[in-house]
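Participant:
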Amino acid sequence: MKTPLLRLDRLGVAFLVITIGAAALGPILALVVPRESAFAMPPYVVALLGKYMCYAILALALDLVWGYCGILSLGHGAFFALGGYAMGMYLMRQIGARGVYANPILPDFMVFLNWKELPVAWWGFHSFAYASLMVMLVPGVLAFAFGWFAFRSRVTGVYLSIITQALTYALKLAFFRNDFGFGGNNGLTDFKDVLGFNVQSDATRAALFSLTALTLALSYIIGRAIVVSKYGKAVIAIRDAESRVRFIGYRVENYKLFVFVVSAVMAGVAGALYVPQVGIINPSEFDPANSIEAVIWVAVGGRGTLVGAALGAVAVNFAKTYFTGAFPEYWLYALGGLFVLVTLFLPKGLVGLLNLRRRAAEPTPPSTASLAQQEEGAR
Amino acid sequence: MTEADKPELTGTLLYLDGVSVSFDGYKALRGLSLMLEPGEMRAIIGPNGAGKTTMMDVITGKTRPDEGDVYFEGRHDLTRLDEAEIAELGVGRKFQKPTVFENHTVSDNLLLAAKAPRGVFATLFGGAAAAERETIDRILTTIRLAEQRQRPAGALSHGQKQWLEIGMLLAQDPKLLLVDEPVAGMTDAETAATAELLREIARNHSVVVVEHDMAFVRDLGVKVTVLHEGSVLAEGSLDQVSADERVIEVYLGR
Numbered sequence: 159m160k161t162p163l164l165r166l167d168r169l170g171v172a173f174l175v176i177t178i179g180a181a182a183l184g185p186i187l188a189l190v191v192p193r194e195s196a197f198a199m200p201p202y203v204v205a206l207l208g209k210y211m212c213y214a215i216l217a218l219a220l221d222l223v224w225g226y227c228g229i230l231s232l233g234h235g236a237f238f239a240l241g242g243y244a245m246g247m248y249l250m251r252q253i254g255a256r257g258v259y260a261n262p263i264l265p266d267f268m269v270f271l272n273w274k275e276l277p278v279a280w281w282g283f284h285s286f287a288y289a290s291l292m293v294m295l296v297p298g299v300l301a302f303a304f305g306w307f308a309f310r311s312r313v314t315g316v317y318l319s320i321i322t323q324a325l326t327y328a329l330k331l332a333f334f335r336n337d338f339g340f341g342g343n344n345g346l347t348d349f350k351d352v353l354g355f356n357v358q359s360d361a362t363r364a365a366l367f368s369l370t371a372l373t374l375a376l377s378y379i380i381g382r383a384i385v386v387s388k389y390g391k392a393v394i395a396i397r398d399a400e401s402r403v404r405f406i407g408y409r410v411e412n413y414k415l416f417v418f419v420v421s422a423v424m425a426g427v428a429g430a431l432y433v434p435q436v437g438i439i440n441p442s443e444f445d446p447a448n449s450i451e452a453v454i455w456v457a458v459g460g461r462g463t464l465v466g467a468a469l470g471a472v473a474v475n476f477a478k479t480y481f482t483g484a485f486p487e488y489w490l491y492a493l494g495g496l497f498v499l500v501t502l503f504l505p506k507g508l509v510g511l512l513n514l515r516r517r518a519a520e521p522t523p524p525s526t527a528s529l530a531q532q533e534e535g536a537r
Numbered sequence: 712m713t714e715a716d717k718p719e720l721t722g723t724l725l726y727l728d729g730v731s732v733s734f735d736g737y738k739a740l741r742g743l744s745l746m747l748e749p750g751e752m753r754a755i756i757g758p759n760g761a762g763k764t765t766m767m768d769v770i771t772g773k774t775r776p777d778e779g780d781v782y783f784e785g786r787h788d789l790t791r792l793d794e795a796e797i798a799e800l801g802v803g804r805k806f807q808k809p810t811v812f813e814n815h816t817v818s819d820n821l822l823l824a825a826k827a828p829r830g831v832f833a834t835l836f837g838g839a840a841a842a843e844r845e846t847i848d849r850i851l852t853t854i855r856l857a858e859q860r861q862r863p864a865g866a867l868s869h870g871q872k873q874w875l876e877i878g879m880l881l882a883q884d885p886k887l888l889l890v891d892e893p894v895a896g897m898t899d900a901e902t903a904a905t906a907e908l909l910r911e912i913a914r915n916h917s918v919v920v921v922e923h924d925m926a927f928v929r930d931l932g933v934k935v936t937v938l939h940e941g942s943v944l945a946e947g948s949l950d951q952v953s954a955d956e957r958v959i960e961v962y963l964g965r
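Written as structure tokens, this is what we have:
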């Protein structure tokens, strides 16, 4: 059950089995199993679960900075949206002459605005490789620049949260403007194909589903490798007693910067997987409310657990889908209530609830070090 | 202490001259001068507000002095360096309130403190080296926490946390240890054990101890500096300073 690199606990193993299993089974259930069968996965379920898993990657990324390093980012949606826009730009350029105005180079909205040339920011996005690079580079560079200034100036706590919120809000306003060059209010949509495959087809959707599940598993593996390393221990120590870490000689700002950038890149990749599955990216993705909702997913699932964050994202969004269908006007109340309840009664979230049941059998609280005992206790 | 015009810097481990710090007009330190020889252990006493903690803040780079010189090993101007750089030079600090990493195990606390490369990538890809593990084992015995090594530090008693913090200082292997009120809140037995521990440490480290507890300072049996209103009032053995009239007036007489 234990690998030396990741020191996986039961929860981690279960998580990898489920995500990798979903990646393998998804396409079979969606494409091979006959539609009439009870096991068949209808296209709308494929799309919905794919979307949830993108949110799960975002939640996992947020948990890395918030749950482990204590940086409460209220603007992580910005990195998600930037990754999404980078992918959206590739998909726009794939439309080519099939647009309403049939311009082989310029996307429709540019023709509509009477633009004659492709803006520099759009150069290169006809190439999937270049777009994929930008999906990671743009959020990463923004996080690096932002973090470099914020962490060096020792901005922490609620002040940092407010600046992250301002960051995503500023980006939202910028992207809303038509002359900013990214489709303004309407954003980017009407995608036709990705790497030559029709984005609407069941096969493409199933492939995207699998890819998202694998990315989720990979994000967990990367996150887990980070948090169990000595670096991860230092990061947790920074969360718990920042100045103490400084006095034993660690450059706290560099430690924060690294985890922040990794997290932003992860969020960007999640956004890039999200856009082809939902078929649109617009400035509302930068809305501060989205970033705050992501914080709630992590809190509900259990911060500082990685698996919990992903679980929380899926659980809350499942509830959202149900609620907004059944009682649309009550969803925000339910979400707010959930946050209050979890904060008051489940400080460790859903994962804490799972651990609580297991802990009843043994007296000492489990930590990374007592995992061995924990496994014996459970046996 | 008279102010030396041309102090011999090279010989001293720590050299403070004319250090002043003020916060919003309040003068926490006024012209504080202090010298510490390599290998020396020094006790600093003084009433509340005498500037003991501010002095530690200046030495460790947390607070920048308004004026004055602070040199480490006669070469390093500590007023120009930040906390991490000063720690790297070999200055370790124990806080008044025990601050250990509560969610980490006792041995992980020591691992984080242990002398090793501090870069992001060094800690990301390197685990605990064999040498580090040996150091940790040795320190666990010294601080009497070998039995508790796998317990989370948050579960330790107050006295044990203080020892763990001293152990973390040892793991850093600094040239100079600054120890702020190590026996505050300890039982008599713990206090005696701590004095013994510090004397043991002082055999191969320079140590500055800030303490209120007179019995404890007497136990240490080292040179004492008395601070009052941000500067040095008296210096000498505990018996000498206790006999000083001004000291009696501001501190001991109370």
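For the record, the sequence lines run as chains A and B.
For the first sequence, position 159 matches number 317 in this note's numbering, and the numbering has no gaps at all.
For the second sequence, position 31 matches number 742 in this note's numbering, and the numbering has no gaps at all.
Just so it is clear, CB atoms sit at the ideal spot from N, CA and C, and this is done for glycine as well.
Taking the straight line between their C-alpha atoms, what separation do you get for residue 944 (chain B) and residue 757 (chain B)?
Facilitator: Going by the C-alpha atoms only, they are around 9 Å apart.
Participant: From residue 441 (chain A) to residue 343 (chain A), what does the alpha carbon distance come to, in whole angstroms?
Facilitator: So the two alpha carbons sit approximately 6 Å from each other.
Participant: What residues in the region 876-910 of chain B bring their beta carbon closer than 8 Å to a beta carbon of chain A?
Facilitator: The region 876-910 of chain B vs chain A, Cβ under 8 Å: 879, 883.
Participant: For the alpha helix (DSSP H) containing residue 832 (chain B), name the first residue and the last one.
Facilitator: Start and end: 831-836.
Participant: What does residue 916 (chain B) reach in chain A if we use C-beta pairs closer than 8 Å?
Facilitator: Within 8 Å Cβ-Cβ: nothing; residue 916 (chain B) doesn't reach chain A, min ~15 Å.
Participant: Determine the extent of the alpha helix (DSSP H) in which residue 766 (chain B) is found, giving its start and end residues.
Facilitator: Start and end: 763-770.
Participant: Could you name the residues that DSSP lists as bridge partners for residue 851 (chain B)?
Facilitator: DSSP, once it has assigned bridges, lists no residue as partnering residue 851 (chain B).
Participant: Under the rule that 16 or more other beta-carbon atoms within 10 Å means buried, what is residue 965 (chain B), buried or exposed?
Facilitator: Because the pLDDT at residue 965 (chain B) is just 49, under 50, the model does not fix this residue reliably, and the value given afterwards should be weighed accordingly. Residue 965 (chain B) comes out exposed.
Participant: List the residues of chain E that residue 412 (chain A) touches, going by C-beta distances under 8 Å, in chain order.
Facilitator: Here chain E cannot be found, since the structure's protein chains are A and B.
Participant: What does a CB cutoff of less than 6 Å around residue 267 (chain A) pick up in its chain, not counting 5 residues either side in sequence?
Facilitator: For residue 267 (chain A), where only same-chain residues beyond five positions count, the Cβ hits under 6 Å are 341.
Participant: Identify, in the order they occur along the chain, each residue of the same chain with its Cβ nearer than 7 Å to the Cβ of residue 843 (chain B), setting aside the five sequence neighbours on each side.
Facilitator: Contacts found: 822, 825, 827.
Participant: If we count the other Cβ atoms within 10 Å of its Cβ and call it buried at 16 or more, is residue 868 (chain B) buried or exposed?
Facilitator: By the 10 Å Cβ count, residue 868 (chain B) comes out exposed.
Participant: Examine the Cβ distances between the region 904-922 of chain B and the region 862-882 of chain B and report whether three or more of them are shorter than 8 Å.
Facilitator: Yes, they touch.
Participant: Identify the continuous beta strand (DSSP E) that holds residue 739 (chain B) and give its terminal residues.
Facilitator: Residues 737-747.
Participant: Express the C-alpha separation of residue 310 (chain A) and residue 220 (chain A) in angstroms, rounding to a whole number.
Facilitator: Going by the C-alpha atoms only, they are around 21 Å apart.
Participant: Taking all protein chains shown into account, decide if residue 954 (chain B) is buried (16 or more other Cβ within 10 angstroms of its Cβ) or exposed.
Facilitator: Exposed, because fewer than 16 other Cβ atoms sit within 10 Å of the Cβ of residue 954 (chain B).
Participant: Below 8 Å on the Cβ atoms is my guess for residue 265 (chain A) versus residue 349 (chain A); work out the distance and round it to an integer in Å.
Facilitator: Actually they do not touch by this definition, with Cβ atoms about 11 Å apart.
Participant: Beta carbons nearer than 7 Å to chain B: which residues of the region 387-405 of chain A have them?
Facilitator: Against chain B - using a Cβ distance shorter than 7 Å - the residues of the region 387-405 of chain A are 387, 388, 389, 391, 392, 394, 395, 398, 399, 402, 404, 405.
Participant: Rounded to whole angstroms, what's the CA-CA distance from residue 779 (chain B) to residue 788 (chain B)? Just pull it up for me.
Facilitator: Roughly 11 Å separates the two Cα atoms.
Participant: On a Cα-Cα basis, can you pick out the residue from A:443, A:320, A:416 that is closest to residue 428 (chain A)?
Facilitator: Cα-wise, what sits closest to residue 428 (chain A) is A:443.
Participant: Buried or exposed for residue 892 (chain B), going by 16 or more other Cβ atoms inside 10 Å?
Facilitator: Classification for residue 892 (chain B): buried.
Participant: So, at 8 Å on beta carbons, what are the nonlocal neighbours of residue 731 (chain B) in its own chain, with the 5 sequence-adjacent residues on each side left out?
Facilitator: These residues qualify, in order along the chain: 738, 740, 741, 742, 743, 776, 777, 778, 779, 941.
Participant: By how many angstroms is the C-alpha of residue 865 (chain B) removed from the C-alpha of residue 501 (chain A)?
Facilitator: Approximately 22 Å, taken between the alpha carbons.
Participant: Say whether chain B places a C-beta atom closer than 8 Å to the C-beta of residue 408 (chain A).
Facilitator: Judged by the 8 Å Cβ criterion, residue 408 (chain A) is in contact with chain B.
Participant: Please report how far the alpha carbon of residue 194 (chain A) lies from the alpha carbon of residue 365 (chain A), in whole angstroms.
Facilitator: Rounded to whole angstroms, residue 194 (chain A) to residue 365 (chain A) spans 21 Å at the Cα level.
Participant: Mapping the DSSP letters down to three states, classify residue 271 (chain A) as helix, strand or coil.
Facilitator: Here residue 271 (chain A) sits in coil by DSSP.
Participant: Using only the alpha-carbon positions, how far apart do residue 726 (chain B) and residue 885 (chain B) sit?
Facilitator: Cα-Cα distance, rounded: 17 Å.
Participant: Residues of chain B with a CB under 7 Å from the CB of residue 416 (chain A): which are they?
Facilitator: Ordered by position in chain B, the residues that pass the 7 Å Cβ test against residue 416 (chain A) are 831.
Participant: How many Å lie between residue 901 (chain B) and residue 894 (chain B) at the Cα?
Facilitator: Roughly 8 Å between the two C-alpha positions.
Participant: So for residue 438 (chain A), helix, strand or coil by DSSP?
Facilitator: Reduced to three states, the DSSP call for residue 438 (chain A) is strand.
Participant: Please compile the residues from chain A whose C-beta is within a distance smaller than 8 Å of the C-beta of residue 822 (chain B).
Facilitator: 388, 391, listed in chain order.
Participant: Kindly confirm or deny that the region 409-429 of chain A and the region 196-206 of chain A touch, where touching means at least three C-beta pairs closer than 8 Å.
Facilitator: With a cut-off of 8 Å, the region 196-206 of chain A and the region 409-429 of chain A do not count as touching, because too few Cβ pairs lie within range.
Participant: Determine the contact status of residue 599 (chain A) and residue 297 (chain A), defining contact as a CB-CB distance below 8 Å.
Facilitator: The structure shown does not extend to residue 599 (chain A), since chain A is modelled only from 159 through 537, so no value can be given for it.
Participant: I'd like to know if residue 858 (chain B) contacts chain A, where contact means its C-beta is closer than 8 Å to some C-beta of that chain.
Facilitator: No, its Cβ sits nowhere closer than 8 Å to a Cβ of chain A.
Participant: Can you find the residues in the same chain that come closer than 6 Å, C-beta to C-beta, to residue 881 (chain B), ignoring five residues on each side of it along the sequence?
Facilitator: Closer than 6 Å at Cβ, skipping near neighbours: 850.
Participant: Over the uninterrupted alpha helix (DSSP H) stretch that includes residue 457 (chain A), give me the two end residues.
Facilitator: It spans 446-459 - the alpha helix (DSSP H) in which residue 457 (chain A) sits, taken as one unbroken run.
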